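J.: Reading the sequence shown from the start, the letters are residues 15 to 731 in the working numbering.
I have a structure here, written as C-alpha cells, and I will follow up with some questions on it.
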Amino acid sequence: MNKFMPVSGVVLSVLVLLGGCAKEVTPVDSSAKPIVALTAPVAKKVPYEMTVHGDTRVDDYYWMRDDSRTNVEVLAHLQAEEDYLQQSLAHTADLQKTLFDEMTSRLQEDESSVPVLINGYYYQRKYIAGGEYAVNVRVKDVAGAAEEVLLDGNALAKGHEYFNIGDYNVSTNNNILAYSVDTLSRRIYNIVFKNLETGELLGDELAGTNGQVIWANDSKTVFYVLKDLQTLLGYKVMRHTLGTPQSDDVLMYEQTDNTFSTYLGKSIDDKYIVIVHYSTLSKGMSVLSADNVNGEFKVLHALQKGLEYSASPHGNDFYILNNDNATNFKISKASSADVADKSKWQDVIAHDENTLITDMLVLKDALLYTQRSQGLMSFHSLNLSTGKVSNVAFDDSLFTVSLGANYNFAATAVRVEYDSMTTPSSVYDINLDDLSKTLLKQDVVNNYDASLYESKRIMLAARDGKQVPVSILYKKSSFKQDGTNPLLQYAYSSYGSTNDPYLSTSVISLLDRGFVYAVAHVRGSEMLGRAWYEDGKLLTKKNTFNDFVDVTKGLVAQKYGAKDKIFALGGSAGGLLMGGIVNQAPELYLGVVAAVPFVDVITTMLDESIPLTTGEFDEWGNPKQKQYYDYMLSYSPYDNVTAQDYPNLLVTTGLHDSQVQYFEPAKWVAKLRDMKTDNNQLLFNVNMGAGHGGASGRYKRYELRALMYTFMLDLLE
C-alpha cells in the first residue's frame, strides 16, 4: 500500500561486420580437436561530430543509440557482447550456480511482512516457497475472518519476461483495488481496477502513468500522474472517475518546468490529496481536500529555488520539515492560514549545523523524526502535549532506523524499520507513551550467524584533508588486518543518497571466502550532513572520485585489504564513479564492476530528449553553460578514456533501462576495447529483457549478483 507523501536468429552479415565472438585455431597436434579462442566483439566506427562552445568532440560510437530498440545492427552487437561474456565465463558455471544457490538459500521461502491495519483490514505481503513474486493479501479485523488474496504476482507475471507491480491501493469503502503494472521495465505503468467483492477486473485502464494511484474519499475517484513518453517525466496530474474512459479524465495540474518531477500522495489523516513538486534544489507541495474532488489544488507555499519543504497536517496546523536558513533542515509549525508565509513559520525542532534531520512523521499525539549526526543515525519523539523530546535508544552503535508502515493518524505506537551491517532487517513498534520497543519481526537469514561477523566505522583522510567515513564488515575468523585479505569497496554517493548500514545477505558469500567489505561514504552523499553532499556535486563533483581513490589507498595502507586484491563496485551514478576511478587510478584495482553506469555525461546532459536529463541540471550542471561543460569534460568517463592499462572490468546494462540508456555503457565498452593497452578482461553483460533495476523476481535478481561475485573470485583464482 502506498499512503505517504513521497519525498529498472541474428543476420550473419551483421555479425561479420561487428566481429565474431569466437574463431577456430588449429592446434599444433593435428590429431587433437580444434580449440576455440575467444575474440571480443569489435564495434565499427562512424565518426559523429558534436561542437559546443567552440569545442568539437568526435563520437565514433554514437550510432549505437536506437531509441526504438529495433535496429538489427545494434541488437546484434549487444547480443554479441552478451555471448562473449557467457563464453568467457563458461568455465565458471559451477561457481555461479554455487553462489546463486548460497544467496537464495539464505532467503526464507515463505517469508511474510508484518500485517498493517488500514481502515478495518490487516494487509500483508507473502512469498510462497519457490515463488518469484509476492502475494498480497488482507484479512478483515474481525474474529474468524478469512484471508483474501488481492494480487498474486506469480499468476500475473506469467508470460512476461519482466513484471513489476508499482503501487496498489484500496478504495475508502474497501471494495475496489487499484494497482499498476510495468511489463517492460521502462517504469511506465498501466493502472487497472479490480472489484474485490466479485474478483472481476473493471473496464477502466489508465495507460502511461508513473505507477502511483491515489483514491479520493468518495471511493469512485482516483488521481494519477501521466508521464511524457519521451522524457519519462511525470508531469500531468489527472482525475479519473470509475466507469469513464481515460480520454475523459480531467487535468488537475500540469508541470511545465521540466526540471521538476511530480509525485502524488495522501496525508496520513486522509484529509488531503497531495502533489509533491520536486527538483534537486527545490521541493514543495500542493494540496486538495480528499472530500472535494471538484476543487483545485493549492500550493502550500510558493515554490522557490533553494527552498525545500514537506508538510504534514495536524488539525488546523501544518508541521513543516524545511531548509529555510537551515542547511541541515529544521521542523517548523504554522497554521493553515499562515503556511503560505514562511515568515510566520515557528521553529519546533531548531536547526543544528552538525545534525541533519532526514525524515518526519506527524501523528495525533507525537512528532517522530530521524536524524544523522557525525554519520550516525538516531530516532526521536516529540510529545505534542508536553513538548518533551526523547531519544529512542538501540543496542548497536552503527545502525539504520527509518519510519516504517504507518497509516493510522491516531496510533499509539509508531512502526520503524531497523538494520545494521550484521543484524537482519527488523520491524519494531515503539510505544508513544513510554517509548518501549516491541520486536514484531526480524528477517530470517538461513545459514547465517551474526556473531561470526563484525562491523565498524573508521575515518580515512582524503587528499584535501577531509576525513571520509568508511563502514567495514568482515568475518572475524578470516580477518587479521595484515594486508592479505581481498577487499570489495562500494559507493554510490550522488543526489545526497546515503548508504546507511544494513545487512546485505548476498555479500556474506564474499565474507565467507575471506573478503573484507567496505562502504565508502564519500562526498556526494549526506553521511556528514547536507554540506557533505554539496561538496560532491556540480563544480565539486570530482571530490567524489578523489575520495573513493583516497579511501582505497587508506584501506591498503591500514592493511584492511591486499594491494593486489582490491575490487570496486558501483551502479548508476555509482557506475559513473567507477568510470572516474578507472581513468584516474586504474592501477589500484584488480577488478571493477560498473553496473548500469552513467558514463557519457556531456552528451546525455546536452540532450533534453533523453529521459530525466532536465531534472539533473542542478546535480551535474547544464553543459550549455561553458563552465559546466568544461568541468564535465574533465571527468566524464567516456570522454576521458585513454590509451592506458585498465583493470579487469565487468559492465552491465538493460536494454530497456529508463534511467541510464543502454547506449551509454555500450559506447563506453566499445571505446575501452579500442583504446586500452592491457590484456585484462572487459566483459559486458546485456540483459535484453530488463531495465535499470535488472531482472524482476525474488530469486532471479541473484543471478546477476552471482555473476558479479564470480567475476571477482575467478580473477583471484
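In this text, a Cβ means the ideal position worked out from N, Cα and C, and glycines have one as well.
If you're wondering where the values come from, they're calculated on a predicted model, not measured in any experiment.
Which value, in whole angstroms, describes the spacing of the CA atoms of residue 421 and residue 152?
T.: Counting from one through the sequence shown, the residue named residue 421 turns up at place 407. Counting from one through the sequence shown, the residue named residue 152 turns up at place 138. Their backbone Cα atoms lie some 15 Å apart in a straight line.
J.: Between residue 137 and residue 166, is the Cβ-Cβ spacing less than 9 Å?
T.: As a working mapping, residue 137 is identified with position 123 in the sequence shown. As a working mapping, residue 166 is identified with position 152 in the sequence shown. Taking 9 Å as the Cβ cut-off, residue 137 and residue 166 do not qualify as a contacting pair.
J.: Over what stretch of residues does the alpha helix (DSSP H) that includes residue 79 continue unbroken?
T.: Looking up residue 79 in the sequence shown gives position 65. First-last for residue 79: undefined, no H or E at that position.
J.: Could you tell me the alpha carbon to alpha carbon distance between residue 314 and residue 290, rounded to whole angstroms?
T.: Looking up residue 314 in the sequence shown gives position 300. Looking up residue 290 in the sequence shown gives position 276. Residue 314 and residue 290: Cα-Cα distance of roughly 11 Å.
J.: Looking only at its own chain, which residues have a Cβ that is under 6 Å from the Cβ of residue 726, when we skip the five neighbours before and after it?
T.: The residue labelled residue 726 in the question sits at position 712 within the sequence shown. Cβ neighbours of residue 726 beyond the five flanking positions: 581 and 605.
J.: Round the Cβ separation of residue 471 and residue 507 to the nearest angstrom and send it over; I've been treating them as touching at under 8 Å.
T.: Position 457 of the sequence shown, counted from the start, is the residue given in the question as residue 471. Position 493 of the sequence shown, counted from the start, is the residue given in the question as residue 507. The Cβ separation is near 16 Å, so there is no contact.
J.: Can you list, in chain order, the residues of its chain with a C-beta nearer than 7 Å to that of residue 453? Leave out the 5 residues immediately preceding and following it.
T.: Walking along the sequence shown from the start, residue 453 turns up at place 439. If we look at residue 453 and ignore the five residues flanking it on each side, its Cβ neighbours are 440 and 442.
J.: On the CB-based measure, 16 or more other CB atoms within 10 Å of its CB, does residue 235 come out buried or exposed?
T.: Here residue 235 is taken as the residue at index 221 of the sequence shown, counted from 1. Burial call: buried.
J.: Between residue 523 and residue 720, what straight-line distance do the alpha-carbon atoms span, to the nearest angstrom?
T.: Here residue 523 is taken as the residue at index 509 of the sequence shown, counted from 1. Here residue 720 is taken as the residue at index 706 of the sequence shown, counted from 1. Answer to the nearest angstrom: the Cα atoms are 9 Å apart.
J.: Going by C-alpha to C-alpha distance, which of 731, 714 and 687 sits closest to residue 59?
T.: The residue labelled residue 59 in the question sits at position 45 within the sequence shown. Comparing Cα-Cα distances from residue 59 to each of 731, 714 and 687, the minimum goes to 687.
J.: So, do the stretch 212-223 and the stretch 252-265 have three or more beta carbon pairs nearer to each other than 8 Å?
T.: yes
J.: Which residue marks the beginning of the alpha helix (DSSP H) containing residue 91, and which one marks its end?
T.: By one-based count along the sequence shown, residue 91 stands at place 77. Taken as a continuous stretch (DSSP letters only), the alpha helix (DSSP H) holding residue 91 covers 86-102.
J.: From the DSSP output, in three-state form, read off residue 683 for me.
T.: Working through the sequence shown from its first residue, we reach residue 683 at position 669. Of the three classes helix, strand and coil, the one that applies to residue 683 here is helix, per DSSP.
J.: Nearest to residue 53 by alpha carbon, out of 69, 101 and 70?
T.: In the sequence shown, residue 53 corresponds to position 39, counting from 1. Taking only the C-alpha atoms, the option nearest residue 53 is 101.
J.: Once the 5 residues before and after residue 376 are set aside, which same chain residues still bring their CB inside 7 Å of it?
T.: In the sequence shown, residue 376 corresponds to position 362, counting from 1. Answer for residue 376: 326, 328 and 333, listed in chain order.
J.: Kindly give me the distance between the Cβ atoms of residue 317 and residue 338, rounded to whole angstroms, as I take these residues to be in contact under 8 Å.
T.: Residue numbering aside, residue 317 sits at position 303 when the sequence shown is read from its first letter. Residue numbering aside, residue 338 sits at position 324 when the sequence shown is read from its first letter. The pair is not a contact, with the Cβ atoms about 13 Å apart (cut-off 8 Å).
J.: Does the stretch 654-674 come close enough to the stretch 603-623 to have 3 or more Cβ pairs within less than 8 Å?
T.: yes
J.: Answer yes or no: do residue 417 and residue 403 have a C-beta to C-beta separation smaller than 9 Å?
T.: Mapped onto the sequence shown, residue 417 falls at position 403. Mapped onto the sequence shown, residue 403 falls at position 389. Not a contact, by the Cβ cut-off of 9 Å.
J.: Return the chain-ordered list of same chain residues with a C-beta closer than 6 Å to the C-beta of residue 624, the five sequence neighbours on each side being excluded.
T.: Here the question's residue 624 lines up with position 610 in the sequence shown. Closer than 6 Å at the Cβ level, and outside the excluded window around residue 624, lie 618.
J.: Between residue 514 and residue 61, what straight-line distance do the alpha-carbon atoms span, to the nearest angstrom?
T.: As a position in the sequence shown, residue 514 is number 500, starting the count at 1. As a position in the sequence shown, residue 61 is number 47, starting the count at 1. Computed Cα separation, rounded: 44 Å.
J.: Look at the alpha carbon of residue 105 and the alpha carbon of residue 199, and state the distance between them as a whole number of angstroms.
T.: One-based indexing of the sequence shown puts residue 105 at position 91. One-based indexing of the sequence shown puts residue 199 at position 185. When only Cα atoms are considered, residue 105 and residue 199 end up about 31 Å apart.
J.: Could you please give me the residues that DSSP links to residue 181 through a beta bridge?
T.: As a first step, residue 181 is located in the sequence shown; it is residue number 167 there, counting from the start. Answer by DSSP bridge pairing: none, since residue 181 is not bridged.
J.: Hey, residue 225 and residue 203 are a contact pair by Cβ (cut 8 Å); roughly how many whole angstroms apart?
T.: Taking the sequence shown and counting its residues from 1, the one referred to as residue 225 is at position 211. Taking the sequence shown and counting its residues from 1, the one referred to as residue 203 is at position 189. So it is a contact: roughly 4 Å between Cβ atoms.
J.: Just verifying my parser: in three-state terms, what is the DSSP assignment at residue 118?
T.: Counting from one through the sequence shown, the residue named residue 118 turns up at place 104. If DSSP states are grouped into helix, strand and coil, residue 118 belongs with the helices.
J.: The beta strand (DSSP E) that contains residue 565, what's its start and end?
T.: In the sequence shown, the residue the question calls residue 565 occupies position 551. Here residue 565 belongs to no beta strand (DSSP E); instead the alpha helix (DSSP H) covers 556-571.
J.: If we ignore side chains and look at the alpha-carbon of each, how far apart do residue 307 and residue 266 end up?
T.: For the purposes of this step, residue 307 is identified with residue 293 of the sequence shown, where counting begins at 1. For the purposes of this step, residue 266 is identified with residue 252 of the sequence shown, where counting begins at 1. Looking at the two C-alpha atoms, the distance is approximately 10 Å.
J.: Quick test of the definition: if touching needs 3 or more C-beta pairs under 8 Å, does the stretch 528-548 touch the stretch 458-466?
T.: no
J.: How about the stretch 405-419 and the stretch 384-391: do they share at least three Cβ pairs that are nearer than 8 Å?
T.: Taking one beta carbon from each stretch, the stretch 405-419 and the stretch 384-391 have 3 or more pairs nearer than 8 Å; the two touch.
J.: When you compare only the Cα positions, how much space is there between residue 631 and residue 558?
T.: Within the sequence shown, numbered from 1, the residue matching residue 631 stands at position 617. Within the sequence shown, numbered from 1, the residue matching residue 558 stands at position 544. Approximately 18 Å between the Cα atoms of the pair.
J.: By how many angstroms is the C-alpha of residue 78 removed from the C-alpha of residue 20?
T.: By one-based count along the sequence shown, residue 20 stands at place 6. By one-based count along the sequence shown, residue 78 stands at place 64. In this prediction, residue 20 scores a pLDDT of 30, lower than 50, which makes its location untrustworthy; the coordinate-derived value is nonetheless stated afterwards. In a straight line, the C-alpha of residue 20 is about 36 Å away from that of residue 78.
J.: Distance, Cα to Cα, residue 270 vs residue 246?
T.: The residue given as residue 270 occupies position 256 in the sequence shown. The residue given as residue 246 occupies position 232 in the sequence shown. Going by the C-alpha atoms only, they are around 14 Å apart.
J.: Who are the near neighbours of residue 714 in its chain, counting only those whose CB is closer than 8 Å to its CB and skipping five residues on each side?
T.: As a first step, residue 714 is located in the sequence shown; it is residue number 700 there, counting from the start. Cβ neighbours of residue 714 beyond the five flanking positions: 146.
J.: Could you pull the start and end residues of the beta strand (DSSP E) that residue 139 belongs to?
T.: Taking the sequence shown and counting its residues from 1, one reaches residue 139 at position 125. 135-140 is the span of the beta strand (DSSP E), which, as asked, contains residue 139.
J.: For residue 67, count the other beta carbons within 10 Å of its own beta carbon; 16 or more makes it buried, fewer makes it exposed. Which is it?
T.: The residue given as residue 67 occupies position 53 in the sequence shown. Under this definition residue 67 is an exposed residue.
J.: For residue 50, which of helix, strand or coil comes out of DSSP?
T.: Within the sequence shown, residue 50 is the residue found at index 36, counting from 1. The predicted position of residue 50 is uncertain, since its pLDDT is 49 and thus under 50; no value can be drawn from it.
J.: Please report the distance separating the alpha-carbon of residue 237 from that of residue 298.
T.: By one-based count along the sequence shown, residue 237 stands at place 223. By one-based count along the sequence shown, residue 298 stands at place 284. Rounded to whole angstroms, residue 237 to residue 298 spans 18 Å at the Cα level.
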